[in-house]
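So the mapping is simple: the numbering used here equals the position in the sequence shown, first residue as 1, plus 27. Every residue, glycine too, gets a C-beta built ideally from N, C-alpha and C. For reference, the structure discussed in these notes is given below.
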Amino acid sequence: MACTAVAGSVVMPADAVAKPIAAPADFNGDGYQDLVVPAPTAKVGGMDGAGAVAVLYGSRTGVSTLRKAVITQNTAGVPDAAEAQDLFGASTAFADLDKDGYSDLVVGAPNEDLGSAADAGGVTVLWGGKNGLAAASTLPVTLTKGGRYGLDVAAVRDSGGARVLVGGYAGSVEFSGTFARNGSVSTKTPHWGTPSVAVTDYLVRDGRAARVITSVRVGGYSGGLVYVDPASPSVPLPIDGTTTATGDVNGDGYNDLVVGDPDEPISGTYGHKGGQITVWYGGENGLAATPVRISQDTAGVVGASAKYNRFGTALAVADLNKDGVGDIVVGAPGQTQNGKARAGVVVIIPGTKTGTPGAGSYQLSQETASVPGVSEPGDGFGLTLAVGDVRADGRPDVIIGAEGEDSYRGAVWVLPGGSTGPTGTGSVELTAGKLGVAGDMPQVGGFQPS
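So this is what it looks like as structure tokens:
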């Protein structure tokens, strides 16, 4: 059983929240997955921080800047207009919302003003079609001043139909039922409003998707609170965290929930030095009562836990080595690499049908053979992650973001899938310049709103 939707999130020092790259999806129906690279603080029409998303259409040879489109709120057919600090592209997710066979892209702009409601936030759907993403419409989010809806988004189509989950500082709202290209939707359901929502996701089990909502940091915890299919009132899982991913990491046919907690421990009670991840195994009756915790001190896991490694900042799950079991991809953007502080790495932890994952783990970095560039202080390689098959060869590719690359303009790497996992051979680096994204710090490959 595979993960159907993406929209996890990550948290950086202070209260910043880094937003992920959406996993690739097929927007033009050609059988190849397409890659979305957000640049939420890009300059558009002279407006700093207006935001953009770059879409690179997949092919037999992978993604290329020769087959790309840069979409902003000034693009023809996209509602509203680019304004300073809208942060269009702060969050992205996809699903076939109107059931026409093409994936649609959901884009959050959490600083969008709606009428007199400043920073209410906005959510735009870019509709897929045979020519790619073209027409667009907005979803009717709640008009709440400072609500910042669109800070995070998730989307899914399951046996019950299509759903879009939108998170913001005023809580979360879910859209479901029939989605029309004029922006109308049959059902809009608000969910609990406090604490503020930092993460939204879907955990698919038995053909239905359960909501996963993670709060911003809560006093006394090293991260936020994690809720699965929350109602009001709701009880969180007995573990804190800030980012999530789903997939079957023990090969039993049930999706598991992986929660990242990259923060340093609070009073030695919660979290782990350098960060940790927690695996909640799924089963016939839902998630197991007792999770498995994994850090860089876990047997077999490459590296060693060190303060501010931020292991668990970004997460993804995919069967990289094609053994039928999902592997866990973990970002540690604060790790020192080759003597360069905060250069960052990505750790691959193979899934296993027995025991605690860890054995056979390895890491990827800019020092990996054939990966473009070199590790530099503050790169933050692994700040964001996604997995997908942009070549349609059945081998998942790993997409890695580094916000500090290129003098903090940011970059994204695509590492092709190989017979035993991702490889640097044939990998490409996508910088702001190559993508055609403007701005001094467009934050390609990562986003940290205040």
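Check, Outcome
"Any chance the stretch 173 to 183 sits against the stretch 143 to 158, with 3 or more Cβ pairs inside 8 Å?", "yes"
"Report the start-end ranges of each beta strand (DSSP E) in the stretch 56 to 144 that is 3 residues or longer and not cut off at the edges.", "62 to 66, 79 to 83, 95 to 98, 118 to 122 and 131 to 136"
"Say yes only if the C-beta of K70 is nearer than 7 Å to one or more non-hydrogen atoms of the ligand PLP, and no if none qualify.", "No copy of the ligand PLP appears in this structure; indeed no ligand is present at all."
"Pick out whichever of R436, V464 and G473 has its Cα sitting closest to the Cα of L410.", "G473"
"Is V191 near S199, with beta carbons less than 8 Å apart?", "no"
"For S434, does the three-state DSSP call read helix, strand or coil?", "helix"
"Please give the ranges of any beta strand (DSSP E) in the stretch 337 to 384, keeping only runs that are unbroken, at least 3 residues long and fully inside the region.", "341 to 345, 354 to 359 and 372 to 376"
"Between V481 and V285, which are expected to be in contact by the criterion C-beta below 8 Å, what is the C-beta distance as a whole number of angstroms?", "Because residue 481 is not part of the residues shown, which for the chain are 28 to 477, the question remains open."
"Would you mind giving the Cβ-Cβ distance between L62 and V352, rounded to the nearest angstrom? I have them listed as a contact below 8 Å.", "Contact doesn't hold; Cβ gap of about 25 Å is too wide."
"Measure the Cβ-Cβ separation of G116 and A161 and say whether it is below 8 Å.", "no"
"Using a Cβ-Cβ cut-off of 6 Å (strictly less than) and excluding sequence neighbours within five positions of G448, which residues of its own chain qualify?", "L347 and N348"
"Comparing C-alpha positions only, which one of A438, Y281 and G188 sits nearest to K380?", "Y281"
"What are the boundary residues of the beta strand (DSSP E) that includes A207?", "Segment: none, A207 is in no beta strand (DSSP E) and carries neither H nor E."
"Name, in chain order, the residues that DSSP records as bridge partners for K482.", "Residue 482 lies beyond the stretch modelled for the chain, which goes from 28 to 477, so this question has no answer here."
"How far does the alpha helix (DSSP H) with A459 in it extend, from its first residue to its last?", "A459 to L462"
"On a Cα-Cα basis, can you pick out the residue from G187, L342, S213 and E311 that is closest to I321?", "L342"
"In the structure shown, what three-state DSSP assignment does G268 receive?", "strand"
"I need the boundaries of the beta strand (DSSP E) containing L160, first residue and last residue.", "L160 -> no beta strand (DSSP E), and no H or E assigned at all."
"Under three-state DSSP, which class holds V6?", "The chain is shown from 28 up to 477; residue 6 falls before or after that span and cannot be answered."
"Whose C-beta lies closer than 7 Å to the C-beta of S164 among residues of the same chain, with five residues either side of it excluded?", "P106, V152, R208, N209 and G210"
"Identify the residues that DSSP records as bridge partners of A413: which are they?", "I426"
"Return helix, strand or coil for R238, following the three-state DSSP convention.", "strand"
"Just verifying my parser: in three-state terms, what is the DSSP assignment at E456?", "strand"
"Contact between the stretch 431 to 438 and the stretch 451 to 470 is defined here as three or more beta-carbon pairs at a separation below 8 Å; is this criterion met?", "yes"
"Enumerate in chain order the residues of its own chain whose CB-to-CB distance from R418 is below 6 Å, with the five nearest sequence positions on each side excluded.", "G89"
"Identify whether V150 lies in helix, strand or coil by the three-state DSSP scheme.", "strand"
"Let me know the secondary structure DSSP gives P449 once reduced to three states.", "strand"
"Spatial neighbours of A272 within its chain, please: CB distance less than 6 Å, with the 5 preceding and 5 following residues excluded, ordered by chain position.", "G35, V285, L342, A343 and V344"
"What did DSSP end up calling A189 once you bin it into helix, strand or coil?", "strand"
"DSSP has T305 in a bridge; who is on the other side?", "V286 and R320"
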